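Data block below; observations after.
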Amino acid sequence: MFARLANGNSGPVRVIEGQGTKLSRTMHGIAYDPLHDEMIVPVHLAGALLVFRGDAKGEEAPIRVIQGPHTGILRPETTALDLVHDEIYVGEDGGKDILVFPRNANGDVAPLRTIRGPKTGLDEVRGVAVDPVRNLLVVSSRSRKAPTGLFIFNRTDDGNVTPRAIIAGPRTGIVRIRQIVVDPEQGKIFVAVKNNKESYRWDAASPSPWNPDEPGFIGVWDITDNGDVLPRAVIKGLASGLVWPAGVALNSEDREIYTIDSVRNGMFTFHTPEFFRKKTN
Amino acid sequence: MENSMKRRASLACAGAFMVFIAGSLLLLHPYSPTFPAVVQASDLDDPCSEAMVQLSTSGAASASGSVAGGDIVPVRSLADPYPSLHSVAVDPENNRVVMSDSNRGSVLFYERTSAGSSSKVTSPKWQVRGPATGMMFIAGVAMDPARHEVFAVNNDIGDRMEVFPYDEEGNVKPKRVLLVPHGAWGVSLNGARDELAISIEHINSVLVYRREAAGGEAPLRVIRGAQTGLADPHGIAFDVATNEILVSNHGNWAPLTQEEASEGGLQGGRFALPSITTFPAEAKGDVKPTRTIQGARTELNWPMGISVDTAHDEIAVASYGNNSILVFHRTDNGDAVPVRVIHGDRAGILGPMGVAIDSKNDELWVTNYRDHSAVVFPRAAEGNVAPKRILRNAPVGTPAVGFGNAGAVAYDSRREEILVPN
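One line per chain: the protein sequences are A and B, in this order. If you read the first sequence in the numbering used here, its first letter stands for residue 16, the second for the next number, and so on. If you read the second sequence in the numbering used here, its first letter stands for residue 1415, the second for the next number, and so on.
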């Protein structure tokens, strides 16, 4: 956990670590619940979803653990919260699915709903976000044989369902995709387009192994977009510092976008008031 | 859509990042071997930082072909410009020490005696780093004293092992590259068998290859399955003298596929206690370990690197979660109490990731992931003892940011904190 204004070479203000926390490597998702002051983290290597107190630190145990054969969880990759409907969403790359649990679920509990199957188009699910205002669910999925992009479902969809819309194709700029977040105020999807397609040009001066021709970026789409469409806005380029952005989060109050870059091992804050709805005083 | 790009990053910025270090604004090519990871622009009057966007809400932007935003300079950037020391290997025959740097994707070579007692930063004698190396999120390292080669595996990104000759410098192409499964963490060499062993976190496996394996070459043997006890394996030691493979496990396990989840009855993920599992060198398939150190008395807590000292019949384990080095008898089994523990405020162990025993010089090396340092103890050190030497790669007190291929972020609006799982 870092202070919002941390800059340069700053250490974390808090760290949750150690065997007792049940955390591991390969945690590619996180969500914060400001209403109940809790943090939710998927543990890919143990098929679990951990819920911590908001001010947890040190070797503190989670207050709830969703794990076990009845959960249907294989290797959870990403998570999101719907505080309006009191639900937790879990996305899986290996499971190629979305699982929905009650927000306060604990133990080996069955999901309320599962989106999985060939009609869904989902493959390696990397991100999930909910728009409780428009009752829509957005999923980012990566695939070698199906579209890689944003899949938009009805919030209450269940089973082997066809998405309402798919944002994918060469005009989107999406090659590989990770964490997503929805701003329900605007109906915008903010996307970490990682584009981590490695390029081994051993004898060239190019900045391999990351692909200089298709660097990652933060892309913004309307939740009503569909098809092979350009993003509404991007943060992209050398000055942005982004190479392989893997995560994205919003701070609407301060009009900031946070992104974590997995090649640069850096976190970047962008102050972009124009990306947010105007404040009305 | 009206795209009001009132201010944009100018062409003068192209090909360069702004780097703000110690009050100086530097412009460096982003792929320079010396490029620190810090990018920052607090001066919004700087032309390079000028970017302004107008995000449409009209619903016509995508169709019209205009895109808002652009090459926006961050107002704040958080990154560690210094190496994060991951694993360590010692070659007492040639007086070399090598450490992996998972922050900047490099391998650092030091003289074995280069660490000192002062607070000064010790520069590596040689450093391999840059795009041609192919190194990314580098984890375990091993040394071949006979052939003067260093082996380095990439963890969560990269999915390969690179081999470099000793004393290489800069942005050099590896001598050999071996493609390995995703999530490789540890690598260990067995010169007598002419083999190397690699631990793979994600598939709970140990893969044994020819020493000179390259390209897409298949492993000679794979240890994997329910009986192996392998669960999120990390450190690995391929013991020449006893012909055994020792592996440290964090204890996390989950099925990879729906089919695996259904094998032998419905299975979900689980947390087991951390362990050290030992296998015969020839082991393959779903075999039981010959010995397993596991239990509350072991003090294992996120066990990382592991090193075997056959001269004294001991194992040293870097126990990250409790900032300790745990030493066991090599043949310990079950809920064994460590024979020695190095731990305490004087020891200078903080987030130990790598450990290497140098029995020839009677020393024990530890790399600290959270302190920009490596510490060297007498081999038989015990308790809250100060190291005999400290090797620093950043000034004393420099924070260790600790990012290692982080993949997500969230914002805690109550505390105004940014949350990053790592």
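Don't be surprised by glycine CBs; every beta carbon is placed ideally from N, CA and C. Note that the structure is predicted; figures quoted are calculated from it, not measured.
Simplified DSSP assignment, three categories, for residue i
i: A:G202; result: coil
i: B:T1894; result: Residue numbering for chain B in the displayed model covers 1415 to 1836; residue 1894 of chain B lies beyond these limits and cannot be assessed.
i: B:N1604; result: strand
i: A:E53; result: strand
i: B:V1736; result: Looking at the sequence provided, one finds Asn at residue 1736 of chain B rather than Val. If DSSP states are grouped into helix, strand and coil, B:N1736 belongs with the helices.
i: B:Y1445; result: Its pLDDT being 32, under 50, B:Y1445 is placed unreliably in this model, and the value from its coordinates should be taken loosely. In the structure shown, B:Y1445 sits in coil (DSSP, three-state: anything other than H, G, I, E or B).
i: B:R1490; result: strand
i: A:S4; result: Since the first residue of chain A shown is 16 and the last is 296, residue 4 of chain A is not available in this structure.
i: A:E32; result: coil
i: A:H59; result: helix
i: A:P91; result: strand
i: B:E1674; result: helix
i: B:F1551; result: coil
i: B:P1647; result: strand
i: B:S1520; result: strand
i: B:A1546; result: helix
Residue i: contacting residues in chain A (beta-carbon distance under 7 Å)
i: B:F1685; result: K37, A61
i: B:T1781; result: Residues of chain A passing the Cβ test: none, with the nearest at roughly 17 Å.
i: B:P1495; result: N24
i: B:P1835; result: M42, I45, V56
i: B:D1646; result: S39, L60
Identity of the residue in the options nearest residue i by Cα
i: A:E268; options: A:P288, A:K134, A:V153; result: A:P288
i: B:L1833; options: A:R270, A:G262, A:R279; result: A:G262
i: A:I167; options: A:M54, A:L152, A:V176; result: A:L152
i: B:D1573; options: B:G1748, B:A1606, B:G1629; result: B:G1629
i: B:K1698; options: B:A1546, B:G1544, B:I1739, B:Y1623; result: B:Y1623
i: A:A71; options: A:S158, A:I81, A:D52; result: A:D52
i: A:E139; options: A:D101, A:R179, A:R90; result: A:R90
i: A:I233; options: A:N226, A:V244, A:V208, A:L98; result: A:V208
i: B:A1795; options: B:V1741, B:N1819, B:S1787; result: B:V1741
i: A:N210; options: A:R170, A:P230, A:T163, A:I31; result: A:P230
i: A:R279; options: B:R1607, B:A1725, B:S1520; result: B:S1520
i: B:H1596; options: A:T41, A:R29, A:M16, A:V28; result: A:T41
i: A:W48; options: A:T135, A:R118, A:V176, A:K37; result: With the sequence shown as reference, residue 48 of chain A is identified as Asp, and Trp is not the correct amino acid for it. Answer by Cα proximity: A:R118.
i: B:I1614; options: B:L1592, B:N1569, B:V1586; result: B:N1569
i: B:A1668; options: B:R1625, B:L1714, B:I1617; result: B:I1617
Contact list for residue i against chain B, beta-carbon separation under 7 Å
i: A:A46; result: A1824
i: A:S277; result: I1571, N1819, A1820, G1821
Within chain B, partners of residue i - CB distance below 9 Å
i: A:G106; result: Neighbours of A:G106 on chain B: none; closest Cβ ~11 Å, over 9 Å.
i: A:T284; result: P1488, V1489, R1490, S1491, L1492, I1832
Residue i at chain A interface by Cβ criterion, 9 Å
i: B:S1841; result: Residue 1841 of chain B is absent from the structure shown; chain B starts at 1415 and stops at 1836.
i: B:H1726; result: no
i: B:G1600; result: no
i: B:F1817; result: yes
i: B:Y1734; result: yes
i: B:H1664; result: yes
i: B:F1523; result: no
i: B:M1575; result: no
i: B:T1838; result: The question about residue 1838 of chain B has no answer, for chain B in this structure spans 1415 to 1836.
i: B:H1743; result: no
i: B:L1592; result: no
Beta carbon proximity, residue i to chain B, threshold 9 Å
i: A:H100; result: no
i: A:G184; result: no
i: A:E139; result: no
i: A:P27; result: yes
i: A:A261; result: yes
i: A:E75; result: no
i: A:T129; result: no
i: A:E268; result: yes
i: A:R193; result: yes
Beta-carbon neighbours of residue i, restricted to chain B and to distances below 8 Å
i: A:G69; result: D1826, R1828, R1829
i: A:A21; result: R1490, L1492, I1832
Contact set between residue i and chain A, taken where Cβ atoms lie within less than 8 Å
i: B:G1484; result: V249, I250, K251, G252
i: B:L1499; result: Residues of chain A passing the Cβ test: none, with the nearest at roughly 14 Å.
i: B:V1481; result: L245, P246, R247, A248, V249
i: B:A1675; result: P84, L89
Chain-ordered neighbours of residue i on chain A, where CB pairs are closer than 9 Å
i: B:L1670; result: L89, R90, G109
Test: residue i CB closer than 9 Å to a CB of chain E
i: B:H1757; result: Chain labels in this structure do not include chain E; the protein chains are A and B.
(message) Contact between the segment 1548-1555 of chain B and the segment 17-25 of chain A is defined here as three or more beta-carbon pairs at a separation below 8 Å; is this criterion met?
(response) no
(message) Under 8 Å: do the segment 1683-1698 of chain B and the segment 121-131 of chain A share three or more Cβ pairs, one atom per stretch?
(response) no
(request) Answer yes if the segment 1666-1682 of chain B comes into contact with the segment 1719-1739 of chain B, meaning at least three C-beta pairs across the two stretches below 8 Å, and no otherwise. (result) no
(request) For the segment 1689-1697 of chain B and the segment 1656-1663 of chain B, state whether three or more C-beta atom pairs, one from each stretch, are separated by less than 8 Å. (result) yes
(request) May I ask you to verify whether the segment 1496-1512 of chain B touches the segment 1554-1563 of chain B, counting CB pairs closer than 8 Å and requiring at least 3? (result) yes
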